[in-house]
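Numbering (my numbering), first residue to last: 7 to 318.
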């Protein structure tokens, strides 16, 4: 089994800043960079096309691309670019997103997300790995041939057991988000493996976890910044139910407690952050995505300290 990978999710305000952070992460030896596509911000796949020609070693991954606004073959077209510009470095993560975004922003009905995701992932894998897709489902239809398919891994987002099981069955892995390590160990991984047992052949599905991190011993500043960043998640039903199942039922009322923050935010000196990373990896992860949580007056210095810890 390959050694676990630790990567960084980049959340910079502009595309030039994002590219600069990815280049810096590679320079320091961080193994992977991840981008999230949401709202009307820059498209992660497009940004990665620029990053691919400015880097040579760092792995690139989307966590995630929302599925409802794009036909899967459109994503295939974009992924083919990354497969050629960054061969063996790109991982495609997709997911349904959330009802407020899909219905509120796009006006698209957010119905039966796991059924949509099953069909979507099936089309992506057929096109990107087999080179031939002939699919007629309830929600999607796709008939195409791909010359020289890049054999990209296709991962799907997961928060609850059913989505992890689906990932094991139809995808190459699951990407969780701000999920406590014990839940990943006791619930997510068994469900992922149960799904994998339903299929034959293909890659062994991987489990990708996520946490926030910052090298800082100013606990009050970390808790304050973390609460600001996490409060939006507490308003989303999918996250509320996952947090409740992980032992934090107050999340159903939109409450983010200090205990929950300390579970999913890795902070302290460099050794404390490394210990937090190890705690997540020991939960059975194949990869950990870390979102930077800069605190203090010098944002750039805070980011750099944390990148160095992750690279180490």
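Beta carbons: idealized from backbone N, C-alpha and C, even for Gly.
Being a predicted model, the structure only gives us computed values, none of them experimental.
Taking residue 49 as reference, the option from 32, 24, 187 with the minimal CA-CA separation is 24. Annotation: the region 140 to 165 contains the following complete segments of the beta strand (DSSP E) (minimum length 3 residues), in chain order: 147 to 151, 160 to 163. Per DSSP, residue 233 is one residue of the alpha helix (DSSP H) stretching across 225 to 236. Between the alpha carbons of residue 89 and residue 156 lies a distance of about 6 Å.
Between the C-alpha atoms of residue 291 and residue 220 there is a straight-line separation of about 20 Å.
For residue 187, the CB contacts under 6 Å within the same chain, skipping 5 residues up- and downstream, are 285, 286, 289 in chain order. Between the region 52 to 69 and the region 129 to 140, the count of Cβ pairs shorter than 8 Å is below three; the stretches do not touch. Between residue 177 and residue 160, the beta carbon gap of about 5 Å places them in contact (Cβ cut-off 8 Å). Residue burial annotation: residue 117 is exposed, with fewer than 16 other C-beta atoms found within 10 angstroms of its C-beta. DSSP, read as helix, strand or coil, puts residue 189 in helix. Under the 10 Å beta carbon count, residue 149 is surrounded by fewer than 16 other beta carbons and is classified as exposed. With respect to the 8 Å criterion, residue 211 and residue 180 are classified as neighbours on the basis of their beta carbons.
A Cβ-Cβ contact shorter than 8 Å links residue 145 with residue 125.
Restricted to the region 231 to 312, the alpha helix (DSSP H) segments that are unbroken, complete and at least 4 residues in length are 243 to 251, 264 to 270, 276 to 287, listed in chain order. Ranked by how close their Cα comes to the Cα of residue 26, the residues 57, 35, 52, 204 have 57 in first place. Ranked by Cα distance from residue 158, the options 51, 96, 301, 281 are led by 96. Distance between residue 140 and residue 127, taken at the CA atoms: about 13 Å. Around residue 311, the same chain offers 221 as residues with beta carbons nearer than 7 Å, after the five sequence neighbours per side are excluded. Boundaries cannot be given for residue 77, as no alpha helix (DSSP H) includes it and DSSP labels it neither H nor E. By the Cβ-count criterion, residue 226 is exposed, with fewer than 16 other Cβ atoms from all chains shown falling within 10 Å of its own Cβ. Sequence-distant Cβ neighbours of residue 279 in its own chain, meaning closer than 6 Å and more than five residues away, are 219, 221, 272, 315. Here the alpha carbon of residue 131 sits roughly 32 Å from the alpha carbon of residue 236. Taken through DSSP and simplified to helix, strand or coil, residue 116 comes out as coil.
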